[in-house]
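**Student:** Chains as they are written, first to last, in the numbering used here: chain A, 3 to 286; chain B, -1 to 236. Even for Gly, the Cβ is constructed at its ideal location relative to N, Cα and C. Encoded as structure tokens, here's the structure I'll be asking about.
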Amino acid sequence: MHELPQQLVNGLLLGSMYGLIAVGYTMVYGIIKLINFAHGEIFMTGAFGALTIYTYILPNGTSLWIALPLMIIGGMIVSIAVAVITERFAYRPLRNAPRLAPLITAIGVSLTLQQLVWAFYPGAKKERLFPQFGGSGFHLGAVTIQPADIFLIVAAPLSMVFLATFVMRTRTGRAMQATAQDPDTARLMGIDTERIIVIAFAIGAAFAAIAGVSHGLRYGQVDFRMGFIAGLKAFTAAVLGGIGNIYGAMLGGLVLGVAESLAATYIQHIPGMSHFGGGAWQDV
Amino acid sequence: MTALLEVEDLRVAYGRIEAVKGISFSVEAGQVVTLIGINGAGKTTTLRTLSGLLKPVGGHIRFKGKPLDKVPAHKIVELGLAHSPEGRHIFPRMTIEDNLRLGAYLRKDHEGIEKDVQHAYERFPILGERRKQAAGTLSGGEQQMLAMGRALMSRPELLMLDEPSMGLSPIMMQKIMDTVAELKAQGTTILLVEQNAQAALALADHGHVMEVGRIVLSGTGQDLLHDESVRKAYLGED
């Protein structure tokens, strides 16, 4: 059992990444009742946007500590642009269509974005290496924390505090709550609900970009399919937390991350399960 | 003098079904005008079209002399037309105070907003007592007070009330109608849709009786209240 604390920390880290993505599913669902199946690809394009900044824009050999803020901004810009454009041209024309139509469209958008990256991003036909922090992890008792994870430890809680403050305390945040609860009546108050929808997509995309950068840092590579599994798990997290509830999305992410981490470690110790490798369970 | 609101040959359809089949009426500043009629007569459809939630297929709406039928819903309240919708539609998971403040969403005069929030609490003390409570926990009558208070927060020049007494106990119904009378006495212009024809006509300067999408009878509130066919059809007398 000596690895328990380490696995818990791993699970929480993984979970906060899922939670960041889940926020995007839950905000969009909360307002237009659409499960945006392309949200995993928003996350993926955010990671590629950050990679682009590092590889093609910044001079070679820029320290990652300096590059990171610019990579995040770049990733966010790409994610937000992709999200806003898909909302405008794929989902908005279907606003009053039966629910199934935008859902199928979202799957189409997801595949399209994957294939666009595959076809046009240099070297994206296989995995592309993502910049890595040098140095070994530091130790806190039995737990080792990798330099790559420090980013997530700082970014995830900060993002959630920002979101909670935005939604609860600002005028636009309250307009967003009103739109989620009753869109027609929100319009009677003078709220431009189309604008609120765009803001919800944009915030979800910005969070997905943060998750995309942390995914790149943790695993050292990005590829055009990375949004599928991560998106599926984040969607599960959003449902687990009660879809439409932003705090639930984060909590659902944490629960899912810890469950995945512990299952991968311990299921093999259950009698009769030893022939299944631990890793086989992590994506169940 | 032109009327505050002029509706001319208004037609509204859901798909191929015409719910409002060419109605005309007007509301002068300071008046209370009521639309009465049974369910499905097109009263709510009319109000939802005036506030931009539905788009007309024909006819004209002019508010303060300007055409309204092409203006998007979220810009209409800014022009001075507030709508308290049928079924109240308060924001259930937000506090009472946040609900009220959303009524003033487009206003920038912070002091005026504070004053009007206090004013709403004076008008409806129960809302003040529960200001931090989620609006969904209020009773039906209290929710109606909140919906009316919220609509007033935009300082409208025309207040549209859709079925304010629907589903309320007789005591609460009386209270709500008293509030409407009070608003009238203060000079608020009101377009009132009601199934409780007796109460609505007693208050109204003008009334219009709607049946399946058409106005079939118009007159002053008192005239309609004493009209034999109205008494038979809507006031439950033989």
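To be precise: take each residue of the stretch 56 to 79 of chain B, compare its Cβ to all Cβ atoms of chain A, and keep it if any distance is under 7 Å. Which residues remain?
**Tutor:** Going along the stretch 56 to 79 of chain B in chain order, one finds A71, H72, V75, E76 with a Cβ nearer than 7 Å to chain A.
**Student:** Going straight from the alpha carbon of M170(A) to that of R176(A), what length do you get?
**Tutor:** Each residue's Cα considered, the two are about 6 Å apart.
**Student:** At the level of alpha carbons, what is the spacing between L53(A) and K62(B)?
**Tutor:** 56 Å
**Student:** Cβ closer than 7 Å: which chain A residues qualify as neighbours of P83(B)?
**Tutor:** T187, L190
**Student:** Would you list the one or two residues that DSSP bridges to P65(B)?
**Tutor:** R60(B)
**Student:** Quick one: Cα of L15(A) to Cα of F122(B), how far?
**Tutor:** Near 50 Å, if we compare the C-alpha coordinates of F122(B) and L15(A).
**Student:** Going by alpha carbons, who is nearest to Y103(B) out of E76(B), I94(B), Y119(B), P90(B)?
**Tutor:** E76(B)
**Student:** Would you tell me roughly how many angstroms separate the C-alpha atoms of G205(B) and Q196(B), rounded to the nearest one?
**Tutor:** Straight-line Cα distance between these residues: approximately 11 Å.
**Student:** Who are Q148(A)'s beta bridge partners in DSSP?
**Tutor:** In DSSP, Q148(A) forms no bridge with anything.
**Student:** Taking L234(A) as the reference, which of K35(A), Y268(A), H41(A), V11(A) has the closest Cα?
**Tutor:** H41(A)
**Student:** Distance cutoff 9 Å, beta carbons only. Does R148(B) sit that close to anything in chain A?
**Tutor:** yes
**Student:** Whether or not the stretch 219 to 237 of chain A and the stretch 23 to 38 of chain A are in contact is what I'm after, with contact meaning three or more pairs of Cβ atoms, one per stretch, closer than 8 Å; do they touch?
**Tutor:** yes
**Student:** Are the C-beta atoms of P90(B) and some chain A residue less than 9 Å apart?
**Tutor:** yes
**Student:** Alpha carbon to alpha carbon, how far is R14(B) from M73(A)? Give it in angstroms, no decimals.
**Tutor:** 53 Å
**Student:** Taking the beta carbon of R189(A) as the centre, do at least 16 other beta carbons fall within 10 Å, making it buried, or is it exposed?
**Tutor:** buried
**Student:** With burial defined as no fewer than 16 other Cβ atoms inside 10 Å of the residue's Cβ, what is the status of Y58(A): buried or exposed?
**Tutor:** exposed
**Student:** Restricting to runs no shorter than 4 residues, where is the alpha helix (DSSP H) found entirely within the stretch 74 to 156 of chain B?
**Tutor:** 94 to 101, 108 to 121, 123 to 127, 138 to 150
**Student:** Interface residues of chain A around L104(B) at Cβ under 7 Å?
**Tutor:** By Cβ distance, chain A contributes G192.
**Student:** Quick one: what's M73(A) bridged to in DSSP?
**Tutor:** BP columns for M73(A) are empty, so no partner.
**Student:** Closest by CA to A99(A), which one among F203(A), L36(A), P185(A)?
**Tutor:** L36(A)
**Student:** So, does the CB of T195(A) fall closer than 9 Å to a CB anywhere in chain B?
**Tutor:** It does; some Cβ of chain B falls within 9 Å.
**Student:** Going by DSSP, what residues sit across from L233(B) in a beta bridge?
**Tutor:** Note: L233(B) sits in no beta bridge, so no partner.
**Student:** First and last residue of the beta strand (DSSP E) that includes V214(B)?
**Tutor:** 212 to 218
**Student:** Rounding to the nearest angstrom, what Cα-Cα distance links D151(A) and R220(A) in this structure?
**Tutor:** The alpha-carbon atoms of D151(A) and R220(A) are separated by roughly 7 Å.
**Student:** In chain B, what lies closer than 9 Å to A180(A) by C-beta?
**Tutor:** F89, M92, D96, N97, L100, Y103
**Student:** For a test of the three-state rule: what should DSSP assign to H4(A), helix, strand or coil?
**Tutor:** It is coil, neither helix nor strand.
**Student:** Given this structure, state the Cα-to-Cα distance separating I68(A) from A71(B), to the nearest angstrom.
**Tutor:** 47 Å
**Student:** Helix or strand or just coil, what does DSSP make of R197(A)?
**Tutor:** helix
**Student:** Does DSSP classify F39(A) as helix, strand or coil?
**Tutor:** coil
**Student:** Three-state secondary structure (DSSP) at A11(B)?
**Tutor:** Reduced to three states, the DSSP call for A11(B) is strand.
**Student:** Which stretch, first to last residue, makes up the beta strand (DSSP E) that contains L96(A)?
**Tutor:** Annotation for L96(A): no beta strand (DSSP E) segment contains it, and DSSP assigns it neither H nor E.
**Student:** Please state whether the Cβ-Cβ distance between G139(B) and A118(B) is less than 9 Å.
**Tutor:** no
**Student:** Only counting the same chain, and skipping five residues up and downstream in sequence, which positions put a Cβ closer than 6 Å to that of L66(B)?
**Tutor:** I59
**Student:** In the DSSP assignment, what are the bridge partners of D160(B)?
**Tutor:** V191(B)
**Student:** What does a CB cutoff of less than 8 Å around E209(B) pick up in its chain, not counting 5 residues either side in sequence?
**Tutor:** G35, I36, A39
**Student:** Against chain A, which members of the stretch 42 to 56 of chain B pass a CB distance test of less than 9 Å?
**Tutor:** R46, S49, G50, L51
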